[in-house]
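First residue of the sequence shown? That's 1 in our numbering, and the numbers climb one at a time after it.
The block underneath contains the structure these notes are about, expressed in structure tokens.
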Amino acid sequence: MMATLPSLGFAGIGLMGLPMCRRLLAAGYPLTVWNRNPAKCAPLVEAGARQVATPAQLCQHADVVMLCLADTSVVREVIFGSAGIAEGAKRGQVLVDFSSLEPTATREMAEALINTTGMSWMDTPVSGGVSGAEAGSLAIMVGGTTADLERVRPVLLTLGQRVTHMGAVGAGQVTKVCNQMIVACNALVIAEVMALAERSQVNSGMIAEALAGGFADSKPLQILAPQMADSRFEPVKWHVRTLLKDLDAAVKFSREQGSATPISGLAAQLMRLHGAQGFLEKDPSTLVQLYREPGSRN
Numbered sequence: 001m002m003a004t005l006p007s008l009g010f011a012g013i014g015l016m017g018l019p020m021c022r023r024l025l026a027a028g029y030p031l032t033v034w035n036r037n038p039a040k041c042a043p044l045v046e047a048g049a050r051q052v053a054t055p056a057q058l059c060q061h062a063d064v065v066m067l068c069l070a071d072t073s074v075v076r077e078v079i080f081g082s083a084g085i086a087e088g089a090k091r092g093q094v095l096v097d098f099s100s101l102e103p104t105a106t107r108e109m110a111e112a113l114i115n116t117t118g119m120s121w122m123d124t125p126v127s128g129g130v131s132g133a134e135a136g137s138l139a140i141m142v143g144g145t146t147a148d149l150e151r152v153r154p155v156l157l158t159l160g161q162r163v164t165h166m167g168a169v170g171a172g173q174v175t176k177v178c179n180q181m182i183v184a185c186n187a188l189v190i191a192e193v194m195a196l197a198e199r200s201q202v203n204s205g206m207i208a209e210a211l212a213g214g215f216a217d218s219k220p221l222q223i224l225a226p227q228m229a230d231s232r233f234e235p236v237k238w239h240v241r242t243l244l245k246d247l248d249a250a251v252k253f254s255r256e257q258g259s260a261t262p263i264s265g266l267a268a269q270l271m272r273l274h275g276a277q278g279f280l281e282k283d284p285s286t287l288v289q290l291y292r293e294p295g296s297r298n
């Protein structure tokens with residue numbers, strides 16, 4: 001007899017949340033959705049999802065409640081605010097948070113949630129971007145208990161190709177901080193490289209191909225370098241503000257742990273400078289504009 005699929009709730013229908021939810025629906029999971037802007041749920045409702053008016057109502061219809069939200073403050077509001085998840089949570093339910101949050105805040109919120117409601121918490125931040133969410137090829141970093149992970153592993157494998165248990169609650173967020181430090185610093189160096197190639201009359205459009213397979217190669221290089229060479233900044237696949245938020249979280253957490261992160265600290269300031277010039281909602285491929293001569297920017 002085929003096992004009954006668990007019912008799922010999902011809060012946060014954005015760049016990542018929408019394709020993730022589409023994959024869950026395609027896999028046959030009963031899905032209930034909520035978003036601060038209700039109109040963004042429309043494509044999922046058309047595909048068979050149920051829509052609710054508050055985060056608390058997700059808990060009425062779901063064994064597992066998932067989040068994919070902007071930052072720590074938004075997650076705190078959606079869980080502990082008025083009509084938040086904590087108001088509807090029941091003992092035995094599991095919260096799975098795909099958002100990228102501050103590790104210390106994650107541990108504090110997880111403790112508060114289980115102590116007040118009995119709902120357990122798993123931090124499961126992802127890497128792979130929108131294309132990975134669409135293809136189901138995300139890398140998922142997990143913090144939480146082994147029992148909770150085994151309970152939701154089939155759901156996670158619908159969304160990602162790699163699920164790695166990093167430790168107790170908060171460990172997934174620490175791993176994502178490490179991931180974002182590498183990605184953001186890499187993106188800034190790629191921008192420097194592309195601007196240098198352009199000023200030196202090198203065919204910048206061939207940089208990614210020339211370096212493919214060598215020690216300098218990376219997914220960010222293969223994605224960002226061609227976009228930078230062509231000044232192809234649309235469509236926006238991720239946001240400068242997201243990398244800035246994650247770098248700030250990395251610097252804050254490293255300070256709490258007494259660990260030195262000078263390169264990430266400088267990267268945060270460069271990212272903040274770029275954002276202040278009107279690029280917060282733009283794609284990180286626009287970072288090349290930091291280094292181009294004003295007359296060559298387009």
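We put the beta carbon where it would ideally sit given N, CA and C, even for glycine.
Computed from a predicted structure; not experimentally measured.
Handout entry: Rounded separation between glycine 170 and valine 288 - CA only
Key = Position 170 of the sequence shown, counted from the start, is the residue given in the question as residue 170. Position 288 of the sequence shown, counted from the start, is the residue given in the question as residue 288. Using only the alpha carbons, I get a separation of about 34 Å.
Problem - Buried/exposed call for lysine 90, threshold 16 Cβ in 10 Å - result: Numbered from 1 along the sequence shown, position 90 holds the residue referred to as residue 90. Residue environment for lysine 90: exposed (fewer than 16 other C-beta atoms within 10 angstroms of its C-beta).
Practice task
Inspect the beta-carbon positions of alanine 229 and glutamine 180 and report whether they are closer than 9 Å.
Solution key: Position 229 of the sequence shown, counting from 1, holds the residue named residue 229. Position 180 of the sequence shown, counting from 1, holds the residue named residue 180. No, the Cβ-Cβ distance between alanine 229 and glutamine 180 is not below 9 Å.
Handout entry: Span of the beta strand (DSSP E), counted from its first residue to its last, around phenylalanine 80
Key = Counting from 1 along the sequence shown, the entry for residue 80 is found at position 80. It is not in any beta strand (DSSP E) - phenylalanine 80 instead sits in the alpha helix (DSSP H) that spans 72-80.
Handout entry: Span separating the alpha-carbon of valine 71 from that of lysine 237
Key = In the sequence shown, the residue the question calls residue 71 occupies position 71. In the sequence shown, the residue the question calls residue 237 occupies position 237. First, the residue type needs correcting, since residue 71 is aspartate and not valine in the sequence shown. Roughly 17 Å between the two C-alpha positions.
Handout entry: Status (buried if at least 16 other CB within 10 Å, exposed otherwise) for alanine 276
Key = Here the question's residue 276 lines up with position 276 in the sequence shown. When all chains shown are included, alanine 276 counts as exposed.
Practice task
Tell me whether arginine 107 sits in a helix, a strand or coil according to DSSP, three-state version.
Solution key: Here residue 107 corresponds to residue number 107 of the sequence shown, with the count starting at 1. Helix at arginine 107.
Problem - Pairwise C-alpha distance: valine 130 and valine 174 - result: Within the sequence shown, the letter at position 174 stands for residue 174. Within the sequence shown, the letter at position 130 stands for residue 130. Their backbone Cα atoms lie some 21 Å apart in a straight line.
Practice task
Pull up the distance between the alpha-carbon of lysine 119 and that of glycine 160, whole angstroms please.
Solution key: Position 119 of the sequence shown, counted from the start, is the residue given in the question as residue 119. Position 160 of the sequence shown, counted from the start, is the residue given in the question as residue 160. The displayed chain sequence assigns methionine, not lysine, to residue 119. Taken atom to atom, the span from the alpha-carbon of methionine 119 to that of glycine 160 is near 24 Å.
Practice task
Please name the residue or residues paired with isoleucine 11 in a DSSP beta bridge.
Solution key: Start at 1 with the first residue of the sequence shown, and residue 11 comes out as number 11. Reading the sequence as shown, one finds alanine at residue 11 and not isoleucine. Alanine 11 pairs with Trp34 and Leu67.
Handout entry: Counterpart residues of arginine 162 in DSSP-defined beta bridges
Key = Reading the sequence shown from its first residue, position 162 is the one you call residue 162. Note: arginine 162 is bridge-paired with Ala139 in the DSSP secondary-structure output.
Problem - Cβ neighbour criterion (16 or more within 10 Å) applied to isoleucine 182 - result: For this step, residue 182 is matched to residue 182 along the sequence shown. So isoleucine 182 counts as exposed.
Exercise for the section: Check whether the segment 50-61 touches the segment 30-39, counting contact only when three or more Cβ pairs, one atom from each stretch, lie closer than 8 Å. Expected result: Contact between the segment 50-61 and the segment 30-39 is established, with three or more Cβ pairs separated by less than 8 Å.
Practice task
Report the option in Gln201, Ser100, Gly84 and Asn115 whose CA atom is closest to the CA atom of valine 142.
Solution key: Taking the first residue of the sequence shown as position 1, residue 142 is located at position 142. Taking only the C-alpha atoms, the option nearest valine 142 is Ser100.
Practice task
Would you mind giving the Cβ-Cβ distance between proline 220 and asparagine 186, rounded to the nearest angstrom? I have them listed as a contact below 8 Å.
Solution key: Taking the sequence shown and counting its residues from 1, the one referred to as residue 220 is at position 220. Taking the sequence shown and counting its residues from 1, the one referred to as residue 186 is at position 186. Contact annotation, proline 220 with asparagine 186: C-beta distance approximately 5 Å; criterion of less than 8 Å satisfied.
Handout entry: Beta bridge counterpart(s) of glutamine 51 as assigned by DSSP
Key = Mapped onto the sequence shown, residue 51 falls at position 51. According to DSSP, glutamine 51 bridges with Val33.
Problem - serine 259 to serine 285 span [Cα, whole Å] - result: Position 259 of the sequence shown, counted from the start, is the residue given in the question as residue 259. Position 285 of the sequence shown, counted from the start, is the residue given in the question as residue 285. So the alpha carbons of these two residues sit roughly 29 Å apart.
Practice task
Note down, in chain order, each residue of its chain lying with its Cβ closer than 6 Å to the Cβ of aspartate 63, except the 5 sequence neighbours on either side.
Solution key: Taking the sequence shown and counting its residues from 1, the one referred to as residue 63 is at position 63. Around aspartate 63: Pro6 and Ser7.
Exercise for the section: Assuming cysteine 21 contacts leucine 44 (C-beta within less than 8 Å), just tell me the rounded distance between them. Expected result: Taking the sequence shown and counting its residues from 1, one reaches residue 21 at position 21. Taking the sequence shown and counting its residues from 1, one reaches residue 44 at position 44. That belief holds up - the Cβ atoms of cysteine 21 and leucine 44 are roughly 5 Å apart, short of 8 Å.
Problem - Beta-carbon proximity list for arginine 319, same chain, < 7 Å, skipping 5 on both sides - result: Any property of residue 319 remains undetermined from this structure, which presents the chain solely from 1 to 298.
Exercise for the section: Work out the CA separation of isoleucine 85 and isoleucine 79 for me, nearest whole Å. Expected result: Here residue 79 corresponds to residue number 79 of the sequence shown, with the count starting at 1. Here residue 85 corresponds to residue number 85 of the sequence shown, with the count starting at 1. Taking the straight line from one Cα to the other gives about 4 Å.
Handout entry: Sequence-distant residues of the same chain with beta carbon closer than 6 Å to leucine 95, five excluded per side
Key = Taking the sequence shown and counting its residues from 1, the one referred to as residue 95 is at position 95. Result list for leucine 95: Val65, Met119 and Trp121, in chain order.
Handout entry: Distance between beta carbons of valine 126 and phenylalanine 98, contact taken as under 8 Å
Key = Position 98 of the sequence shown, counted from the first residue, corresponds to residue 98. Position 126 of the sequence shown, counted from the first residue, corresponds to residue 126. That pair is a contact at about 5 Å.
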